[in-house]
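S.K.: Position one of the sequence shown corresponds to residue 324 (the numbering used here), numbered consecutively onward. Virtual Cβ for every residue (Gly too), placed ideally from N, Cα, C. Mind looking over this structure? Questions follow.
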Amino acid sequence: MMMYHKETTKGKDMLSLLEWSNEEIAELVQLGLAIKTNPTHYSHTLSGQILGMIFDKSSTRTRVSFEAGILQLGGQAIVMSSKELQIGRGEPIKDTAHVLSEYINAVMIRTFSHEGVEELAEHASIPIINGLTDLHHPCQALADLLTIFEVKNTFEGVKLAYIGDGNNVCHSLLLAAAMVGLDISCAMPAGYEPDEMVLNEAYKIATKTGAKIEITTDPILAVSDADFVYTDVWTSMGQEEENAKRFADFKGYAVTNELVSHAKSDYHFLHCLPAHREEEVATTVIDGPQSLVYQQAGNRLHAQKALLVLILG
Numbered sequence: 324m325m326m327y328h329k330e331t332t333k334g335k336d337m338l339s340l341l342e343w344s345n346e347e348i349a350e351l352v353q354l355g356l357a358i359k360t361n362p363t364h365y366s367h368t369l370s371g372q373i374l375g376m377i378f379d380k381s382s383t384r385t386r387v388s389f390e391a392g393i394l395q396l397g398g399q400a401i402v403m404s405s406k407e408l409q410i411g412r413g414e415p416i417k418d419t420a421h422v423l424s425e426y427i428n429a430v431m432i433r434t435f436s437h438e439g440v441e442e443l444a445e446h447a448s449i450p451i452i453n454g455l456t457d458l459h460h461p462c463q464a465l466a467d468l469l470t471i472f473e474v475k476n477t478f479e480g481v482k483l484a485y486i487g488d489g490n491n492v493c494h495s496l497l498l499a500a501a502m503v504g505l506d507i508s509c510a511m512p513a514g515y516e517p518d519e520m521v522l523n524e525a526y527k528i529a530t531k532t533g534a535k536i537e538i539t540t541d542p543i544l545a546v547s548d549a550d551f552v553y554t555d556v557w558t559s560m561g562q563e564e565e566n567a568k569r570f571a572d573f574k575g576y577a578v579t580n581e582l583v584s585h586a587k588s589d590y591h592f593l594h595c596l597p598a599h600r601e602e603e604v605a606t607t608v609i610d611g612p613q614s615l616v617y618q619q620a621g622n623r624l625h626a627q628k629a630l631l632v633l634i635l636g
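Set out below in structure tokens:
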């Protein structure tokens, strides 16, 4: 059985993938697969441990997969809306961080401000997990890596094409790909490029792993010879007032049968969900035989269980 670096991962935050080494991310993927294959072996690993879950944004996959995951590992979950906490009435993040650290073993938070999550982690003495912020979505990227490795059994020589906004999902995919040596090509309209700081970090990591990173406005170029084609909604939660402009700007970036015809014939389609059929993706693609979106969503559970085991086990 592979030995995991618990001496370096125990107690660690997951605010973005950057807190973890390339080797630790690769091991987390391997552990996710091991847990998926033999869940009963890990069913008491976190007995007595409590995960607090704070939500500023509604959620299906993050909420259910984290709660099910900690329960399946023998622990417990406490689910909280920020409106139910004093933080929602103006209590300083610092005070909330110190108090929660007295009660529970880790916090998963899904919110808007990445800076707020960093401040929570700065003052908490327990691990903080980013369940989604405006800047990063690391847990989704971990499930995406697990899905890709499950299909290909390697990251070497594999190409992922991402078509859509250079948003939090794109940021974490860029970092994840760079860290494991997965080639990634991202296509988005001008003005929707990834954050420059995140992109520079990904380029820096890629020089060591050999991953190829490409940013383009041409979706056909991005998809050409891709093993996986990935997209996300054009309008994320909280951006609804930009809906009309985004629909106009992203015209021509929908993942259609014509677009995926430029990918490898055995390509697979990925989407972090929720999806808007006939907007960013054609129904025939997402519901077609080469779509892995439900397997990908299912892997949120296994990847996050691996994360919880490594930081709390």
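Taking all protein chains shown into account, do 16 or more other C-beta atoms lie within 10 angstroms of the C-beta of Asp610, making it buried, or fewer, making it exposed?
M.R.: Exposed, by the Cβ-count rule.
S.K.: Would you kindly check if the distance between the Cβ of Pro512 and the Cβ of Phe573 is under 9 angstroms?
M.R.: Yes, these two residues count as a Cβ contact at 9 angstroms.
S.K.: Distance, Cα to Cα, Gln618 vs Glu565?
M.R.: Those two C-alpha atoms are separated by around 31 angstroms.
S.K.: In angstroms, rounded to a whole number, what distance separates the CA positions of Leu498 and Ala567?
M.R.: Those two C-alpha atoms are separated by around 30 angstroms.
S.K.: Could you tell me the distance, in whole angstroms, from the CA atom of Asp467 to the CA atom of Phe389?
M.R.: In a straight line, the C-alpha of Asp467 is about 16 angstroms away from that of Phe389.
S.K.: According to DSSP, simplified to helix, strand and coil, what is Val422?
M.R.: The answer is helix: DSSP assigns Val422 an H, G or I state.
S.K.: Quick one: is Ala571 buried, meaning 16 or more other Cβ sit within 10 Å of its Cβ, or exposed?
M.R.: Result: exposed.
S.K.: Please list the terminal residues of the continuous beta strand (DSSP E) segment that includes Gly375.
M.R.: Residues 373–378.
S.K.: Do you know how far the Cα of Glu581 is from the Cα of Ile634?
M.R.: In a straight line, the C-alpha of Ile634 is about 44 angstroms away from that of Glu581.
S.K.: Evaluate contact between the region 369–383 and the region 394–402, counting only Cβ atoms and requiring at least three cross-stretch pairs below 8 angstroms.
M.R.: Segments in contact, yes.
S.K.: Since Leu593 and Leu624 should fall inside the 8 angstroms C-beta cutoff, what is the C-beta to C-beta distance between them, to a whole number of angstroms?
M.R.: Rounded, the Cβ-Cβ distance is 16 angstroms, inconsistent with contact.
S.K.: Sort Ile451, Lys380, Thr470 by Cα distance to Gln353 and report the nearest one.
M.R.: It is Thr470 whose Cα lies nearest to the Cα of Gln353.
S.K.: Using the Cβ count rule (16 or more neighbours within 10 Å means buried), how would you classify Val387?
M.R.: It counts as exposed.
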